[in-house]
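Novice: Below are the structure tokens for one structure; questions will follow.
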Amino acid sequence: MYKHRQIESTIKDITKSFKVVLVTGARQVGKSTVLKKCDENRGYVTLDDLDNRELAINDPKLFLQRYAPPIIIDEIQYAPNLLSYIKIAVDNSQEKGDYWLTGSQQFSMMKNVSETLAGRIGILNLSGFSLRELDDNKIADVFLPTNDYIKNARQKAKNYTLNELYEIIWRGSYPEINVNKTIPWNIFYNSYLQTYIERDIRNLESIANEMQFLKFIRVIASRTGQILNYSDIASEVGISQPTAKSWLSVLISSNIVYLLQPYYNNLNKRLVKTPKLYFMDTGLCSYLTGWTSPDTLERGAMSGNMFETFVVTEIIKSYRNNGIEPNIYYYRDKDKKEIDIIIEDNGLLYPIEIKKTASPDKNMIKNFSVLPENKISRGAIICMADTDLPLKENINVIPVGYI
């Protein structure tokens, strides 16, 4: 059973403007599936097939003759030299969208793609299912806590009980485990990790010890929603800080981890300048940190951090599914005043607190006042409330289902 993805309309739109479209993202988020569904008459070839890969590497001209456009080329990172020949092909054609590409490993692909296909390629980043997609609701806009957005979401969004929400958080967003719920949760994620390490990690020179790298991923997962501290991570894993930085860059490039950058104003030297770390899939994060059921996760020590991680990643998905990289930050200063998220849009700031509570209060937004008053637009608390309601002027309580 195929669930329609919100990125479908974005793919079709940018195909009208670019000769090449690249959909990147973590393994098993549905990149090739969504492209096939967007154009069922388009040809398809995958470089997972060793014969296809060998031809693409050794005779790229013949490869492109055999697989003529319009074509989907899956796992393009296995033959990066093919990009130069695609450039020649599209430069000799006036057609838009001749080549749709997918790639799971940004670290082995993105170095050359922008330079080789500059001005010719539109790049999209696909994540797992969003809450909107799981619920089949029709909210299509990027998340921004404006009155218009809230009014629209009120009509279309679903209210979630605590148990329902943590079932979603614990299960995760990968399509296969949501479409086919007979797959044992632990077996799915164990297999996912094995595939990720064997196919994406094993050939990297910087990672010589696979078991130590697995321990590193577990340590990173345990720190989701926390400020990044390379020293602590390196010490716990038993590696150097440069190695920790190198390995984390692999997780970021393969869309396993997202770094939320701090909001920084040059006039304020007391602001923390270190990013926060978030796992992009809460199911994989739950598996790595040993939470074996939604109930134990909800009641456990990581419950609040996992709720925050879920909300942050859902906001990111709302932007990426629209072809936009979000301008989102967090705030923390040396007086330990913190704001979970700040969205910057058209020069205005939208401060947001994320709280696992059904009864938010004004004390939770006291730190919004640290932001420049003339730049603040509307603020919000995203929480487990049953409905949206104004907390004070220009600040609303927003149920988690609205994102």
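For the sequence shown, the numbering used here assigns the number 70 to the initial residue and increments by one for each residue that follows.
Cβ atoms here follow ideal geometry from the backbone N, Cα and C, with glycine treated the same way.
For clarity, every value in this text was computed on a predicted model and none was experimentally measured.
With a cut-off of 8 Å, do at least 3 Cβ pairs link the segment 163-175 to the segment 86-106?
Specialist: yes
Novice: Quick one, which of ASP455, VAL380 and TYR419 has its alpha-carbon nearest GLY294's?
Specialist: VAL380
Novice: Using DSSP's beta-bridge definition, name the partner residues of ILE190.
Specialist: VAL89
Novice: Between the alpha carbons of TYR147 and ILE266, how many angstroms are there, rounded?
Specialist: 16 Å
Novice: With which residues is LYS345 paired in a DSSP beta bridge?
Specialist: ILE296 and LEU329
Novice: Hey, would you say ILE434 sits closer than 9 Å to ILE450, going by beta carbons?
Specialist: yes
Novice: In terms of residues, what are the limits of the beta strand (DSSP E) holding GLY352?
Specialist: Premise fails: GLY352 lies in the alpha helix (DSSP H), 351-357, not in any beta strand (DSSP E).
Novice: Return the chain-ordered list of same chain residues with a C-beta closer than 6 Å to the C-beta of LEU320, the five sequence neighbours on each side being excluded.
Specialist: VAL326
Novice: Start and end of the beta strand (DSSP E) containing TYR388?
Specialist: No beta strand (DSSP E) contains TYR388, which is instead part of the alpha helix (DSSP H) from 372-389.
Novice: Between the Cα of LEU460 and those of MET453, LYS431 and ASN443, spot the shortest distance and give me the residue it belongs to.
Specialist: The closest CA to that of LEU460, considering only MET453, LYS431 and ASN443, is found on LYS431.
Novice: Are the beta-carbon atoms belonging to ILE423 and ASP402 less than 9 Å from one another?
Specialist: When the beta-carbon positions are compared, ILE423 and ASP402 stay at least 9 Å from each other.
Novice: So THR185 and LEU152 are supposed to be a Cβ contact under 8 Å. How far apart are they, rounded?
Specialist: Distance from THR185 to LEU152 at the Cβ level is roughly 4 Å; contact confirmed, criterion being Cβ atoms closer than 8 Å.
Novice: Per DSSP, GLU413 is paired with what?
Specialist: LEU418
Novice: So, helix, strand or coil for PRO459, using DSSP?
Specialist: strand
Novice: The alpha helix (DSSP H) spanning ARG135 covers which residue range?
Specialist: 129-135
Novice: Rounded C-beta distance between PHE282 and ILE289? I'm assuming under 8 Å.
Specialist: Not confirmed; about 10 Å, so no contact.
Novice: Going by the DSSP bridge assignment, what does GLU279 pair with across the sheet?
Specialist: Answer is none; GLU279 lacks a bridge partner.
Novice: Taking 7 Å as the limit between beta carbons, can you name the residues of its chain near ASN391, skipping five residues before and five after?
Specialist: THR79 and VAL211
Novice: Do you know whose CA, among ASN121, GLY359 and SER446, lies nearest LEU418's CA?
Specialist: Selection ASN121, GLY359 and SER446 evaluated against LEU418 yields SER446 as nearest (Cα-Cα).
Novice: Going by alpha carbons, who is nearest to TYR258 out of TRP360, TYR136 and GLU202?
Specialist: TRP360
Novice: Since I believe TYR347 is in contact with TYR398 (beta carbons under 8 Å), could you give me their beta-carbon distance rounded to a whole number of angstroms?
Specialist: Between TYR347 and TYR398 the Cβ distance is about 13 Å, and since that is not below 8 Å, they are no contact.
Novice: Out of curiosity, what's the CA-to-CA distance linking LYS165 and ASP301?
Specialist: 49 Å
Novice: Expressed to the nearest angstrom, what Euclidean distance is found between the alpha-carbon atoms of ASP455 and ASN298?
Specialist: Roughly 36 Å between the two C-alpha positions.
Novice: Which word fits GLY191, buried or exposed, when buried means at least 16 other C-beta atoms lie within 10 angstroms of its C-beta?
Specialist: buried
Novice: Here's the rule I'm using: 16 or more other beta-carbon atoms within 10 Å means buried, otherwise exposed. How should THR264 be labelled?
Specialist: exposed
Novice: From the DSSP output, in three-state form, read off TRP254 for me.
Specialist: helix
Novice: Less than 7 Å between C-beta atoms, sequence neighbours within five positions excluded: which residues of the same chain meet that for VAL248?
Specialist: MET70 and LYS72
Novice: What's the gap between the Cα of LEU234 and the Cα of SER260?
Specialist: Whole-angstrom Cα-Cα distance: 25 Å.
Novice: On the criterion of 16 or more Cβ atoms from any shown chain inside 10 Å, does THR93 qualify as buried, or is it exposed?
Specialist: buried
Novice: In its own chain, which residues sit with a C-beta less than 8 Å from the C-beta of GLU407, not counting the 5 before and 5 after it?
Specialist: TYR399, TYR400, ARG401 and ASN436
Novice: Over the uninterrupted beta strand (DSSP E) stretch that includes ALA449, give me the two end residues.
Specialist: It spans 448-452 - the beta strand (DSSP E) in which ALA449 sits, taken as one unbroken run.
Novice: Starting from ASN465, follow its DSSP beta bridges and name the residues at the other end.
Specialist: ALA449 and PRO459
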